[in-house]
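Visitor: Numbering (our numbering), first residue to last: 161 to 543. Note that beta-carbon positions come from the ideal geometry of N, C-alpha and C, so glycine has one too. Quick one: the structure is below, questions incoming.
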């Protein structure tokens, strides 16, 4: 009896297996079995790979060449500053930025806001070596600073270009440390020139290079490069409502940075010139209302006693009038040009003076009582 029962069970199992085999496609679909690896046809032919070398476009080659040429000169900068928490306890705070070597003696250019008030500055080189750097000097007015490492730790020195030759539309390459991601390369173009922004300290920086190369927090202090790998600017800020990249970044022109770096290295500070005047920009409507005789220039209102303008006998206003509720002193000299370069307004005059050196002599073209005159002014350091 038991033997017959066993026979029936075996026959039943055999019939069940036969049934399942006939329904193989249905059961596979029901249980979700995946196809075997053998059925996948990947195109991994070694012969094809060898016969098809990677093609690099001309634009890609520029990016690769510039990165390989410059990135050993770019460094990551980590800073430690001391702050207070809610309970007035002193706590360390960490900051990050970028920089690049500008001299074989170990001088590194970066932004002032990267190293301002830092108690400790650690530089990470391209090969990963970490070095403690010293602060040489910083200039909040231009948002520039110089730090230093040992000459023996220098891997490569960046080549500085000429920012006066930068033109909108040319290629722009940024290398830096965004969000702590070391030696990141981004590309774009020079979008515009002569932009102005205000720093967190309230200082206005003029003549900035605008770029759409992605610049994010941590890129500050890194180089903005041209297609030859020459530094044309120092990345300093992004224009963003969110704090992240939105297509507009700014760089300080390298020619300004050269001047600032030279002074910081030689004297630890930046000496700026002053003219010692207060003035107003002349517009066509103002000229017509006051019968000034010119439609642009700077009307000198007051002269600071002891200033370069005072010593050169530049003349300020001598009679007071009220225009639209504003009281002005009229009758002063009108500055129309500096060193044969026409001056249209006060802002242009200030920009021009920012590029001058202490001890330099300016030739001012002025109108005094309707007559053209030239006055030489010896520039001195601003008090």
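Is the number of C-beta pairs between the stretch 212-224 and the stretch 239-257 that are closer than 8 angstroms three or more?
Guide: At 8 angstroms Cβ cutoff, the stretches do not touch.
Visitor: In angstroms with no decimal places, state the Cα-to-Cα distance between residue 520 and residue 494.
Guide: To locate residue 520, count along the chain shown from 1; it is residue 360. To locate residue 494, count along the chain shown from 1; it is residue 334. Approximately 21 angstroms, taken between the alpha carbons.
Visitor: Shortest alpha-carbon distance to residue 413 belongs to which of 341, 302, 431 and 525?
Guide: Against the chain shown, residue 413 aligns to sequence position 253. Measuring from the Cα of residue 413, the nearest candidate turns out to be 302.
Visitor: Hey, would you say residue 278 sits closer than 9 angstroms to residue 239, going by beta carbons?
Guide: Within the chain shown, numbered from 1, the residue matching residue 278 stands at position 118. Within the chain shown, numbered from 1, the residue matching residue 239 stands at position 79. Yes, Cβ-Cβ distance for residue 278 and residue 239 is below 9 angstroms.
Visitor: Using only CA atoms, which one of 362, 378 and 411 lies nearest to residue 370?
Guide: Here residue 370 is taken as the residue at index 210 of the chain shown, counted from 1. Among 362, 378 and 411, the Cα nearest to that of residue 370 belongs to 411.
Visitor: Do the stretch 369-385 and the stretch 323-341 make contact, defined as three or more Cβ pairs closer than 8 angstroms?
Guide: Yes: the two stretches touch, three or more of their Cβ pairs being nearer than 8 angstroms.
Visitor: Taking residue 491 as the reference, give the member of 328, 513 and 459 with the closest Cα.
Guide: For the purposes of this step, residue 491 is identified with residue 331 of the chain shown, where counting begins at 1. Checking every option, the nearest Cα to that of residue 491 belongs to 459.
Visitor: Check this for me: beta carbons of residue 227 and residue 318, under 9 angstroms apart or not?
Guide: On the chain shown, position 67 is the one that residue 227 refers to. On the chain shown, position 158 is the one that residue 318 refers to. No, the Cβ-Cβ distance between residue 227 and residue 318 is not below 9 angstroms.
Visitor: Nearest-angstrom Cα distance between residue 456 and residue 417?
Guide: In the chain shown, residue 456 corresponds to position 296, counting from 1. In the chain shown, residue 417 corresponds to position 257, counting from 1. The alpha-carbon atoms of residue 456 and residue 417 are separated by roughly 31 angstroms.
Visitor: With DSSP as the reference, please indicate the residues paired to residue 331 in a beta bridge.
Guide: Within the chain shown, numbered from 1, the residue matching residue 331 stands at position 171. Residue 331 pairs with 349.
Visitor: Identify the continuous beta strand (DSSP E) that holds residue 536 and give its terminal residues.
Guide: Counting from 1 along the chain shown, the entry for residue 536 is found at position 376. Per DSSP, residue 536 belongs to the beta strand (DSSP E) from 531-538.
Visitor: Helix, strand or coil: how does DSSP classify residue 519 here?
Guide: On the chain shown, residue 519 is found 359 positions in, with the first residue counted as 1. If DSSP states are grouped into helix, strand and coil, residue 519 belongs with coil.
Visitor: When the Cα atoms are used, what is the spatial distance from residue 530 to residue 236?
Guide: The residue you call residue 530 lines up with position 370 of the chain shown. The residue you call residue 236 lines up with position 76 of the chain shown. Approximately 58 angstroms between the Cα atoms of the pair.
Visitor: From the DSSP output, read off the bridge partner residues of residue 252.
Guide: Position 92 of the chain shown, counted from the first residue, corresponds to residue 252. DSSP, once it has assigned bridges, lists 242 as partnering residue 252.
Visitor: Nearest CA to the CA of residue 396: which residue from 420, 368, 466 and 389?
Guide: On the chain shown, residue 396 is found 236 positions in, with the first residue counted as 1. Taking only the C-alpha atoms, the option nearest residue 396 is 368.
Visitor: Between residue 305 and the rest of its own chain, which residues show a CB-CB distance below 6 angstroms, the 5 nearest in sequence each way excluded?
Guide: Indexing the chain shown from 1 puts residue 305 at position 145. Contacts found: 270, 272, 275 and 298.
Visitor: Buried or exposed: where does residue 308 fall if 16 or more other Cβ atoms within 10 Å of its Cβ makes it buried?
Guide: Your numbering for residue 308 matches position 148 in the chain shown. The residue in question, residue 308, is buried, as its Cβ has 16 or more Cβ neighbours within 10 Å.
Visitor: Go ahead and label residue 311 buried or exposed: buried means 16 or more other beta carbons lie within 10 angstroms of its beta carbon, across all protein chains shown.
Guide: Taking the chain shown and counting its residues from 1, one reaches residue 311 at position 151. Residue 311 comes out exposed.
Visitor: Classify residue 461 as helix, strand or coil using the three-state DSSP reduction.
Guide: Against the chain shown, residue 461 aligns to sequence position 301. In the structure shown, residue 461 sits in a strand (DSSP, three-state: E or B).
Visitor: Within the stretch 383-442, note down every full alpha helix (DSSP H) run reaching 4 residues or more, in order along the chain.
Guide: For the stretch 383-442, whole alpha helix (DSSP H) runs of length 4 or above, ordered along the chain, are 414-427.
Visitor: Compute the Euclidean distance between the alpha carbons of residue 540 and residue 249, then round it to the nearest angstrom.
Guide: Locating residue 540 in the chain shown gives position 380, where the first residue counts as 1. Locating residue 249 in the chain shown gives position 89, where the first residue counts as 1. One C-alpha to the other measures close to 45 angstroms.
Visitor: In three-state DSSP terms, what is residue 315?
Guide: Start at 1 with the first residue of the chain shown, and residue 315 comes out as number 155. Correct three-state label for residue 315: coil.
Visitor: Run the CB neighbour count on residue 201, radius 10 Å, all protein chains shown included, and call it buried at 16 or more, exposed below.
Guide: Taking the chain shown and counting its residues from 1, one reaches residue 201 at position 41. By the 10 Å Cβ count, residue 201 comes out exposed.
Visitor: Rounded C-beta distance between residue 468 and residue 537? I'm assuming under 8 angstroms.
Guide: Translated into the one-based positions of the chain shown, residue 468 becomes position 308. Translated into the one-based positions of the chain shown, residue 537 becomes position 377. Between residue 537 and residue 468 the Cβ distance is about 5 angstroms, and since that is below 8 angstroms, they are a contact.
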